[in-house]
Amino acid sequence: MRAPLANLPIDRLHDPALVRIAGKLATGERLDRADALSCYQTGDLIGLGLLADAANRALHGDVVTFAANQHINPTNVCVLRTTCKFCGYARLPKEQGAYRYTMAQVLEEAAHAADGLTKEFHIVGGLDMQAGLAYYEEMFRALKANFPHVHIKALTAVEIAHIARIEKMSWTDVLIALKAAGLDTLPGGGAETFSAAVREQIAGKKLGGADYIGVHRAAHQLGIRSNCTMLYGHVETLEDRVEHLMMLRDLQDETGGFLAFIPLAYHPDDNELGATLGRRGTATGGTDDLRMLATGRLFLDNFLHIKSHWIMVSQALSQVSLHFGVNDLEGTVVREKIYHAVGAHTPQGMTLEQVLTLIRGAGKVPAERDSFYKVLRTFGDVRPPAPALFATHARESLQG
Ligand code: SF4
Numbered sequence: 003m004r005a006p007l008a009n010l011p012i013d014r015l016h017d018p019a020l021v022r023i024a025g026k027l028a029t030g031e032r033l034d035r036a037d038a039l040s041c042y043q044t045g046d047l048i049g050l051g052l053l054a055d056a057a058n059r060a061l062h063g064d065v066v067t068f069a070a071n072q073h074i075n076p077t078n079v080c081v082l083r084t085t086c087k088f089c090g091y092a093r094l095p096k097e098q099g100a101y102r103y104t105m106a107q108v109l110e111e112a113a114h115a116a117d118g119l120t121k122e123f124h125i126v127g128g129l130d131m132q133a134g135l136a137y138y139e140e141m142f143r144a145l146k147a148n149f150p151h152v153h154i155k156a157l158t159a160v161e162i163a164h165i166a167r168i169e170k171m172s173w174t175d176v177l178i179a180l181k182a183a184g185l186d187t188l189p190g191g192g193a194e195t196f197s198a199a200v201r202e203q204i205a206g207k208k209l210g211g212a213d214y215i216g217v218h219r220a221a222h223q224l225g226i227r228s229n230c231t232m233l234y235g236h237v238e239t240l241e242d243r244v245e246h247l248m249m250l251r252d253l254q255d256e257t258g259g260f261l262a263f264i265p266l267a268y269h270p271d272d273n274e275l276g277a278t279l280g281r282r283g284t285a286t287g288g289t290d291d292l293r294m295l296a297t298g299r300l301f302l303d304n305f306l307h308i309k310s311h312w313i314m315v316s317q318a319l320s321q322v323s324l325h326f327g328v329n330d331l332e333g334t335v336v337r338e339k340i341y342h343a344v345g346a347h348t349p350q351g352m353t354l355e356q357v358l359t360l361i362r363g364a365g366k367v368p369a370e371r372d373s374f375y376k377v378l379r380t381f382g383d384v385r386p387p388a389p390a391l392f393a394t395h396a397r398e399s400l401q402g
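FYI, our numbering numbers position 96 of the sequence shown as 98, with every residue one higher than the one before it.
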């Protein structure tokens, strides 16, 4: 629970609902569903940002963290290829473009981590019948043997449940085996929106919301920390979003095992759902992205970290979000594939200098963290203006 917040800018709020919420923040009273809905609905976006910024500053001051991480997607073969309608990444086993890395290919891609900067592998992929427990055990052991300094954050709750199903094991036993092989934490993907009605429409056969929570609970009980997400901007209602946040907050009350909440913006290109909805380009707007992040900061009072995923919402929006309750940015990434398969226009990775420039451009102090959010070093010396970052990216995009 959050401590009472002092010096809230109540005289700058234009929406009575935000004044009510500020009153609760000032006394440490927990926000309820109606408050979360008001955050999503308010016309006073700046007021919402002021409150989220106050809540964030009370925890983190001006420090914004990031991890030097690398995404690895070892297989895009997925049994749910035809039922997850928002996905443009998955392929059927014999479909053109289908791939499954050998261990040699995993190590070849991971070789980037020999730069000494990368400290986390973020490993997710499809639900591949040929990628069972042994495949991932071998992978994690090989990665730990070759890159012992790199943390392994791998396999969404959906992938853990898939491995459990094909191996006829419990979630807990799969997690125990993977932990022994080198798994350190779980990423938060696969949550989508928990509402059963929404899931039926966008991902009818995917692990349900209660089971997503169940896998994370099992992980937390084993001492495996995790992140959590929400895919938004498709067919969900604002009430669906609130219920989703409530389920995350409840589990966090129970276990304290979540490290961060990461809203994920839906992208409509090159997937069936986007075609059905008749959408192209960016589905979410900047104001909706900011509301998602700010509401997460205010409602999830038992979460320390709210992360902006710059690959999905753009570097520019992520930079602005640092004034709307966000204290953590997706990191260097190196080569992102999943969101670029559905039309993300951002680069596939950023250099350390680009991440620093983005954070400094927001007037914040960059700090590199480890996967448990422990600050490893801060870069608080210089704060150059931001424009150079975007000029650099524009040049890179033009060069293809
Ligand atoms: S979203 Fe995940 S589970 Fe669904 S089809 Fe894509 S890779 Fe498979």
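Just so it is clear, CB atoms sit at the ideal spot from N, CA and C, and this is done for glycine as well.
Could you give the distance in angstroms between the alpha-carbon of residue 330 and the alpha-carbon of residue 286? 20 Å
Beta-carbon spacing of residue 190, residue 229 below 7 Å: yes
beta-carbon residue 92 near the ligand SF4 non-hydrogen atom, thresh 6 Å: yes
Where residue 248 sits in the DSSP three-state scheme: helix
Less than 6 Å between C-beta atoms, sequence neighbours within five positions excluded: which residues of the same chain meet that for residue 361? 66, 368
Would you decide whether residue 377 is buried or exposed? Buried here means 16 or more other CB atoms lie within 10 Å of its CB. exposed
Buried or exposed, going by whether 16 or more other CB atoms sit within 10 Å of the CB of residue 314? buried
Got a sec: does the ligand SF4 put a non-hydrogen atom nearer than 6 Å to the Cβ of residue 333? no
Taking the straight line between their C-alpha atoms, what separation do you get for residue 222 and residue 172? 15 Å
Within 10 angstroms of the Cβ of residue 136, are there 16 or more other Cβ atoms? Answer buried if so, exposed if not. exposed
Are there any heavy atoms of the ligand SF4 lying less than 6 Å away from the beta-carbon of residue 351, as far as the coordinates show? no
Residue 180, DSSP secondary structure in three states: helix
Candidates 3, 5, 40: closest to residue 20 by CA position: 40
Specify, as a first and last residue, the run of the alpha helix (DSSP H) that residue 18 falls within. 18-29
Could you check if residue 82 belongs to the surroundings of the ligand SF4, using beta carbon to heavy atom distance under 6 Å? yes
Three Cβ pairs or more, each shorter than 8 Å: is that satisfied between the region 50-62 and the region 8-20? yes
First and last residue of the beta strand (DSSP E) that includes residue 153? 153-156
Less than 6 Å between the CB of residue 89 and some heavy atom of the ligand GDP, yes or no? In the structure on display, the ligand GDP does not appear, and the ligands it does have are the ligand SF4.
Among 169, 121, 22, 267, nearest to residue 155 - alpha-carbon criterion: 121
Residue 129 CB to nearest heavy atom of the ligand SF4 below 6 Å: yes
If residue 143 and residue 183 are in contact, beta carbons under 8 Å, what's the gap, nearest whole angstrom? 5 Å
If we count the other Cβ atoms within 10 Å of its Cβ and call it buried at 16 or more, is residue 150 buried or exposed? exposed
N-terminal and C-terminal residue of the alpha helix (DSSP H) that residue 267 is part of: Segment 260-267 is the beta strand (DSSP E) holding residue 267; no alpha helix (DSSP H) there.
Pick out whichever of 234, 326, 275 has its Cα sitting closest to the Cα of residue 296. 326
Taking a contact to mean a Cβ-Cβ separation below 7 Å, would you say residue 320 touches residue 153 in this structure? no
Local conformation of residue 161 per DSSP, three classes: helix
Quick one: Cα of residue 399 to Cα of residue 24, how far? Because the pLDDT of residue 399 is 35, which lies under 50, any placement of that residue in the model is unreliable, and the question is left without a value.
Are there any heavy atoms of the ligand SF4 lying less than 6 Å away from the beta-carbon of residue 86, as far as the coordinates show? yes
When we look at the beta-carbon of residue 130 and count the other beta-carbons within 10 Å, is it buried (16 or more) or exposed? buried
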